[in-house]
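Colleague: The sequence shown begins at 1 in UniProt numbering and counts up one residue at a time.
Where a beta carbon is used, it is the ideal one built from N, C-alpha and C, also for glycine.
Fair warning: this is a prediction, and the values are worked out from it, not measured in the lab.
Submitted below is the structure of interest, expressed as structure tokens.
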Amino acid sequence: MTQRPQSGGRRPPVLPGAGRTPAERRRARLRGLQLGGLTLGALCWGGAAWLTFGAGQTAGYQAEQRPEFTFLLAGRDVAYCGYHLRCEDQTQRENLFQEINTDTLMLIKVTGPRVEVLNIPRDTNVGEYDPEKTATEQKINHQYWAGGPRALTRAAETITGSPVDAYVVLNEDYVAELIDALGGLTVTVPPGGIQWEDKAAGIHLDLKPGEQHLDGRTAALYLRVRKGVGDDWGRIDHQKQALTQLIGKLRSPQGLRVLPTLISGFGENIETDLSPERLTALLPYLSQLNLTFATLPTTSIPDSFNLAVDRAALSRVWTNPALEAERREAERQQELEQAQGGTGPEEREGEAAADPTAALAELPLVIHDGSGALLGPALARSLEQVGYRNIQLQLEPPDPMSSQVLTLDAPAEASALAQLLGLPRLQGERFELQSGEVAVWLGTDARTQLGALLPLRRPTDGRQLGLTREDAAALLQDTAE
């Protein structure tokens, strides 16, 4: 294992909160929570539906029957029919005071405990770009306003090539109720604070710089703010991290206890054709959910702000049903060959298959230690024991950002490591990760998430991270207490 060079040579991955100025880190955190509450809301909706309808109506989905479905999750604004006047029917699209936006879009694929989340940028073009049409009407962000949730769902299918079984559209009222039920939301407001005035909608938001604990209503407004959070790409990257934090809350005893309080938040706050039974089928897997995140790869369209889908890149980060079927068939053929005494994959792949640790030894792995507890060296030693050899370490300031595994274009390797460590895997689409590289970010939550590493630390670990003996001793003492 080696210490990651701070300058010169290969540029280190720029992770959220890593290798940035304090101001940049604060701006990055602000980007972070708009999507999180929405996916958590969908899961809570399934659990509360179970409590509402009773277990008898969900008997068709037994724990041994692995749930497999894909749904589109969207977040939209509240519908106003006049100045400060909320529409009684939140699903209406006529005679509105202003258009309803759906900037938050995620395609979620559930396969048992595995949950894949694909963020779709709001400016993504639906189909081939047509210069005879306006750019706005071709964006996926416009489809809900133009044709409702079913049109939005069809647009997602066109863009990704994946069939979508259902949709869930939540408004900010439900998100506010959800956040309140989970005890509020703690955020870090950047220097200068956040101010947002919208007299027509009755919005007045004034947040001071620094750490703030927000109630549900204030948090829902905060999550809609775009000023100060950068572009849509940066916002999406940090939304993924927020989702992992909120899912963690749902897994807690408190999260499970508050499910009944969310029942009354349904009705006008949710549009969906997803049966409660499908989400209820996820409940047995809740404690073992394996989350992976990716952002839809896109390229720019000349003379337009719209984005075109990069199909080749998409196939590397998002499961394609046709390719998945081919893979399963190939595995079945291999099993048949082995059963008949034929040549199995070990013989065909030679030494690489005979020594599965060879691929691990060559994988470029970077550990960014922002745990504030010197867990990086201990993790590196543990990973060396299972075959990882090309490991570099880099010390970061202690950061509460959730621990995670990231990659740009090595999803299989990153997913395997994430599963080994029990951490979520994110796609570093906006991070400066190197091709083929996998990074592990250790935040302060690693003291709990990877607490087994604490006894494995050594007094000399600080040297590998460029710390003085005194600083290393102080860190070890603080975390020991």
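#1: Return helix, strand or coil for residue 549, following the three-state DSSP convention.
#2: Nearer than 8 Å: is that true of the beta carbon of ARG114 relative to any heavy atom of the ligand COA?
#3: What are the boundary residues of the alpha helix (DSSP H) that ASP445 is part of?
#4: Identify whether ALA472 lies in helix, strand or coil by the three-state DSSP scheme.
#5: Using C-beta distances below 8 Å, list every residue in its chain close to GLU137, excluding the 5 sequence neighbours before and after it, in chain order.
#6: Who are the near neighbours of ASN125 in its chain, counting only those whose CB is closer than 7 Å to its CB and skipping five residues on each side?
#7: Does DSSP put ILE367 in a helix, a strand or coil?
#8: Count the other C-beta atoms from every protein chain shown that fall within 10 angstroms of the C-beta of SER287, then say buried if there are 16 or more, exposed otherwise.
#9: How is the beta strand (DSSP E) around ASP206 delimited, first residue to last?
#10: When we look at the beta-carbon of THR153 and count the other beta-carbons within 10 Å, is it buried (16 or more) or exposed?
#11: In the structure shown, what three-state DSSP assignment does GLY210 receive?
#12: What span of residues does the beta strand (DSSP E) with VAL175 cover, start to end?
#13: I need the straight-line Cα distance from TYR167 to ASN95, nearest angstrom please.
#14: Extract the residue ranges of the beta strand (DSSP E) inside the segment 97-125, only unbroken runs of 3 or more that lie entirely within it.
#15: Answer yes or no: do LEU454 and VAL440 have a C-beta to C-beta separation smaller than 9 Å?
#16: Between which two residues does the alpha helix (DSSP H) holding ILE159 run?
#17: Mind checking whether PRO131 and ASP303 have CB atoms under 9 Å apart?
#18: Going by C-alpha to C-alpha distance, which of LEU476, LEU223, LEU73, ARG66 sits closest to LEU274?
#19: Closest to ALA155 by C-alpha separation, out of ASP180, LEU185, PRO121, would be which residue?
#20: Can you tell me whether ALA281 is helix, strand or coil according to DSSP?
#21: Nearest by alpha-carbon distance to LEU383: which of HIS204, LEU421, GLU157, GLN338 is it?
#22: From GLY462 to ARG278, what distance separates their C-alpha atoms?
#23: Taking the alpha carbon of HIS204 as the point to measure from, which residue in GLU211, GLN212, GLY210, ALA220 has its own alpha carbon closest?
#24: If you draw a straight line from the C-alpha of LEU85 to the C-alpha of VAL317, how long is it?
#25: What would DSSP say about ARG463, mapped onto helix, strand or coil?
#26: How would you call GLY192, buried or exposed, if buried means at least 16 neighbouring beta carbons within 10 angstroms?
#27: Using three-state DSSP, classify TYR167 as helix, strand or coil.
#28: So, for PRO209: in the same chain, excluding its five sequence neighbours on each side, which residues have a beta-carbon less than 6 Å away from its beta-carbon?
#29: Check the DSSP bridge columns for PHE69 and list the partner residues they point to.
#30: The beta strand (DSSP E) that contains LEU406, what's its start and end?
#31: Alpha carbons only, please: which of GLY451, ASP173, ARG224, PRO377 is nearest the one belonging to residue 501?
#32: Pull up the CB-CB distance for residue 563 and THR70, whole angstroms please, since I reckon it's below 8 Å.
#33: Hey, out of LEU107, LEU426, LEU433, whose CA is closest to SER162's CA?
#34: THR160: which of GLY436, GLU128, GLY202 sits nearest, CA to CA?
#35: Looking at THR468 and PRO398, is the spacing between their C-beta atoms short of 9 Å?
#36: Do GLY376 and LEU365 count as a contact pair if the criterion is CB distance below 9 Å?
Modeller: On the basis of the coordinates in this document:
#1: Coverage of the chain is limited to positions 1 through 481, which leaves residue 549 absent and any answer about it impossible.
#2: By its list of ligands, the structure shown contains no ligand whatsoever, and the ligand COA lies outside what it can speak to.
#3: From DSSP, ASP445 is part of no alpha helix (DSSP H); its letter is neither H nor E.
#4: In this structure, ALA472 counts as helix in the three-state DSSP scheme.
#5: ALA146
#6: GLN138, LYS139, ILE301, ASN306, LEU307, ALA308
#7: strand
#8: exposed
#9: 203-207
#10: Buried, by the Cβ-count rule.
#11: strand
#12: Here VAL175 belongs to no beta strand (DSSP E); instead the alpha helix (DSSP H) covers 172-181.
#13: 24 Å
#14: 104-111, 114-119
#15: No. Outside cutoff.
#16: ILE159 -> alpha helix (DSSP H) spans 143-160.
#17: Yes, these two residues count as a Cβ contact at 9 Å.
#18: Looking from the CA of LEU274, the closest CA among LEU476, LEU223, LEU73, ARG66 belongs to LEU73.
#19: PRO121
#20: coil
#21: The residue from HIS204, LEU421, GLU157, GLN338 with its alpha-carbon nearest to that of LEU383 is LEU421.
#22: Using only the alpha carbons, I get a separation of about 49 Å.
#23: ALA220
#24: 43 Å
#25: Looking at ARG463 - three-state DSSP - the assignment turns out to be helix.
#26: exposed
#27: Strand, per DSSP.
#28: VAL189, PRO191, GLY193
#29: Under DSSP, PHE69 shares a beta bridge with VAL110.
#30: 404-407
#31: Given a span of 1 to 481 for the chain in the structure shown, any question on residue 501 remains unanswerable.
#32: In the structure as shown, the chain begins at 1 and stops at 481. Residue 563 is therefore absent and cannot be evaluated.
#33: LEU107
#34: GLU128
#35: With respect to the 9 Å criterion, PRO398 and THR468 are not classified as neighbours on the basis of their beta carbons.
#36: no
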